[in-house]
Structures are given as structure tokens and as C-alpha cells.
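Following numbering that gives the first Met the number 0, the numbering of the sequence shown begins with 0 at its first residue and continues without gaps. Quick reminder that beta carbons are idealized off the backbone N, C-alpha and C, glycines included.
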Amino acid sequence: MQDYVKSFSALMLDIRDMSEKDKLFTFMEGLKPWGRLELQRQRVTDLGSAMTVVERLTDFTSETRRDRQTTPSPAQSKAGGAKP
Numbered sequence: 000m001q002d003y004v005k006s007f008s009a010l011m012l013d014i015r016d017m018s019e020k021d022k023l024f025t026f027m028e029g030l031k032p033w034g035r036l037e038l039q040r041q042r043v044t045d046l047g048s049a050m051t052v053v054e055r056l057t058d059f060t061s062e063t064r065r066d067r068q069t070t071p072s073p074a075q076s077k078a079g080g081a082k083p
């Protein structure tokens, strides 16, 4: 999602005659459904806020994914393997 935010920002530098409302709509349309839903849930009304929220969501999901990879599951942490 961070790549999307960067790409969208770069495109908006080239497009000068687009309203803020249209920029926000276009940004939200390009998001994954769960990202769009979160912006709607938080009632984001401007592009800057939308980008900030999406970047925070990305950071949170990255941390969660990293935690899952380093934390052993209960099945992995049990000693003795299979039950008798």
C-alpha cells in the first residue's frame, strides 16, 4: 500500500486541475476493499488524511505479519510432538 501512496502522490503532482474531492475519490477507488472500508469508517474527508491513515494501516499490518513469523504457534511450542 505504501507503493500505491507514493505512486498516487507522484501522479497528483502532474495533474494540477483536479479538485480535492476528485483526488480523494480516485485515491479511494484504487485501494484494496479493506483499505477503502477503513477510510469510510473513519470518515476521512481529504486526501492528506486518507494517505496518512493508509500508511498507518500498512505499518500495522506489516508489524502483525512480522510478529506472526517470529512467534511460534501453540502447536509448535508443545514438547513431545504427537499425542499418544
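Taking buried to mean at least 16 other C-beta atoms within 10 Å of its own C-beta, is Ala49 buried or exposed? Position 50 of the sequence shown, counted from the start, is the residue given in the question as residue 49. Looking at its Cβ environment, which holds 16 or more other Cβ atoms inside 10 Å, Ala49 is buried.
On the premise that Val53 lies in contact with Gly34, defined as a C-beta separation below 8 Å, what is that separation, rounded to the nearest angstrom? Residue 34 sits at position 35 when you count from the first residue of the sequence shown. Residue 53 sits at position 54 when you count from the first residue of the sequence shown. That pair is a contact at about 6 Å.
DSSP state of Arg55 mapped onto helix, strand, coil: Indexing the sequence shown from 1 puts residue 55 at position 56. Helix.
For Phe26, which residues of its own chain have a beta-carbon under 8 Å away from its beta-carbon, when the five flanking residues on both sides are left out? In the sequence shown, the residue the question calls residue 26 occupies position 27. Answer for Phe26: Phe7, Leu46, Ala49 and Met50, listed in chain order.
Roughly how many angstroms separate the alpha carbons of Met17 and Phe24, rounded to a whole number? Locating residue 17 in the sequence shown gives position 18, counting from the first residue. Locating residue 24 in the sequence shown gives position 25, counting from the first residue. Roughly 11 Å separates the two Cα atoms.
From the DSSP output, in three-state form, read off Lys31 for me. Residue mapping note: residue 31 aligns to position 32 of the sequence shown, counting from 1. If DSSP states are grouped into helix, strand and coil, Lys31 belongs with coil.
Top-ranked residue by Cα proximity to Glu37, from Arg55, Lys22, Lys20 and Asp21: Translated into the one-based positions of the sequence shown, residue 37 becomes position 38. Taking only the C-alpha atoms, the option nearest Glu37 is Arg55.
Taking 9 Å as the threshold (C-beta atoms), are Met0 and Lys20 in contact? Stepping through the sequence shown from its first residue, residue 20 is reached at position 21. Stepping through the sequence shown from its first residue, residue 0 is reached at position 1. No, the pair does not count as a contact, with Cβ atoms beyond the cut-off.
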